[in-house]
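Shown next, in structure tokens, is the structure this report addresses.
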Amino acid sequence: AQRVTQPEKLLSVFKGAPVELKCNYSYSGSPELFWYVQYSRQRLQLLLRHISRESIKGFTADLNKGETSFHLKKPFAQEEDSAMYYCALISRNRGSTLGRLYFGRGTQLTVWP
Amino acid sequence: DTGVSQNPRHKITKRGQNVTFRCDPISEHNRLYWYRQTLGQGPEFLTYFQNEAQLEKSRLLSDRFSAERPKGSFSTLEIQRTEQGDSAMYLCASSLGLRSTDNTEAFFGQGTRLTVV
Numbered sequence: 001a002q003r004v005t006q007p008e009k010l011l012s013v014f015k016g017a018p019v020e021l022k023c024n025y026s027y028s029g030s031p032e033l034f035w036y037v038q039y040s041r042q043r044l045q046l047l048l049r050h051i052s053r054e055s056i057k058g059f060t061a062d063l064n065k066g067e068t069s070f071h072l073k074k075p076f077a078q079e080e081d082s083a084m085y086y087c088a089l090i091s092r093n094r095g096s097t098l099g100r101l102y103f104g105r106g107t108q109l110t111v112w113p
Numbered sequence: 001d002t003g004v005s006q007n008p009r010h011k012i013t014k015r016g017q018n019v020t021f022r023c024d025p026i027s028e029h030n031r032l033y034w035y036r037q038t039l040g041q042g043p044e045f046l047t048y049f050q051n052e053a054q055l056e057k058s059r060l061l062s063d064r065f066s067a068e069r070p071k072g073s074f075s076t077l078e079i080q081r082t083e084q085g086d087s088a089m090y091l092c093a094s095s096l097g098l099r100s101t102d103n104t105e106a107f108f109g110q111g112t113r114l115t116v117v
């Protein structure tokens, strides 16, 4: 069964410090991994996806199939990064619901000035 | 705002009453999803439409829940005989999938927060 684990409910760092939000998954197959972000009073929105291999707002995430992890990293956190971050996966297995997202419980990131 | 629109934003209802939520997806999107989110948890999948066809329903969707997308555009989610455990944020998302292998970006609405008292 698909499962996404975000071990930290809360994470606080100071502005300019590196930040890493952890995400581990369990899945028998080849999933697609995503990070979604929800800023205060805004809707959930896509931050990045592993197949794009791009950096968005300074964030990167590398899929490590050996460790089944997809940690989100930023070398220098900014106050505007404060938000709720959700790791999610989509199953590519035959018969899976197209585009169905399996979410972790989320990590609330606070960046202090 | 041309994104996914959900109405109402908030709904307070008494236990046992029926409620209906509406989702207007991005106009050209053929895929539509409903999720439920409770406090401290990530969104959980409820159901999926491709155009007007409801192709998947989660075990979370009890017999009291029904969803429709009659013309392949807007969708409604109805909960009959609401219970306190139904209190949650109900999220709608849409995406454009032209091929069965497409996993394009899902765009979310702002959700409908249901409180059952």
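Quick mapping for you: the protein sequence lines, in order, are chains A and B.
Here the first sequence stands for residues 1 to 113, numbered as in the working numbering.
Here the second sequence stands for residues 1 to 117, numbered as in the working numbering.
The C-beta atom is built at its ideal place from N, Cα and C for all residues, glycine as well.
Buried versus exposed call for residue i [16 or more other C-beta atoms within 10 Å across all chains shown]
i	result
A/W35	buried
A/P31	buried
B/P25	buried
A/G106	buried
B/T38	exposed
B/K14	exposed
B/V117	exposed
B/T2	exposed
B/Y35	buried
A/Y39	exposed
A/G104	buried
B/Q6	buried
A/R100	buried
C-alpha gap between residue i and residue j, whole angstroms
i	j	result
B/V4	B/R113	16 Å
A/R49	A/I56	10 Å
B/F107	B/G40	21 Å
B/L96	A/N64	28 Å
A/L47	B/L55	27 Å
B/R64	B/Y33	18 Å
A/W112	A/V13	6 Å
B/E78	B/A67	6 Å
A/N24	A/D62	12 Å
B/Q17	A/T5	35 Å
A/L33	B/L98	20 Å
A/Q42	B/G109	9 Å
B/T115	B/S62	18 Å
A/R3	A/L10	20 Å
A/T110	B/E44	24 Å
A/E8	B/A88	22 Å
A/G58	A/E80	12 Å
Closest residue to residue i among the options (Cα-Cα distance)
i	options	result
B/N124	B/F49, B/E105, B/Q84	No statement about residue 124 of chain B is possible, as the shown extent of chain B runs from 1 to 117 and does not include it.
A/I90	B/K71, B/A88, B/E105	B/E105
A/R92	A/Y102, A/E80, A/R41	A/Y102
A/F70	A/R43, A/S82, A/R53	A/R53
B/L60	B/A53, B/Q54, B/L46	B/L46
B/S27	B/S75, B/E83, B/R81, B/S87	B/S75
A/E67	A/Y39, A/L109, A/Y27	A/Y27
B/A53	B/G72, B/G42, B/L91	B/G72
A/A1	A/C87, A/S96, A/Q108, A/T110	A/S96
A/C87	B/A88, B/I12, B/G42, B/S87	B/G42
B/Q80	B/M89, B/C92, B/K57, B/F21	B/F21
A/Q45	A/I51, A/Y85, A/P75	A/Y85
B/L91	B/T82, B/C23, B/S58	B/C23
B/P70	B/S94, B/N51, B/R9	B/N51
Element boundaries [beta strand (DSSP E), containing residue i]
i	result
B/S75	75 to 79
B/Y35	31 to 37
A/Y86	83 to 90
B/S5	5 to 7
B/H10	10 to 13
B/D24	19 to 24
A/N24	24 to 26
A/T5	3 to 5
A/F14	10 to 14
B/S94	88 to 95
B/V117	That residue, B/V117, is in no beta strand (DSSP E); it is neither H nor E in DSSP.
B/E44	44 to 50
Anticipated Cβ contact below 8 Å, residue i with residue j, distance rounded
i	j	result
A/A17	A/A83	Actually they are not in contact, since the Cβ atoms of A/A17 and A/A83 sit about 16 Å apart, beyond 8 Å.
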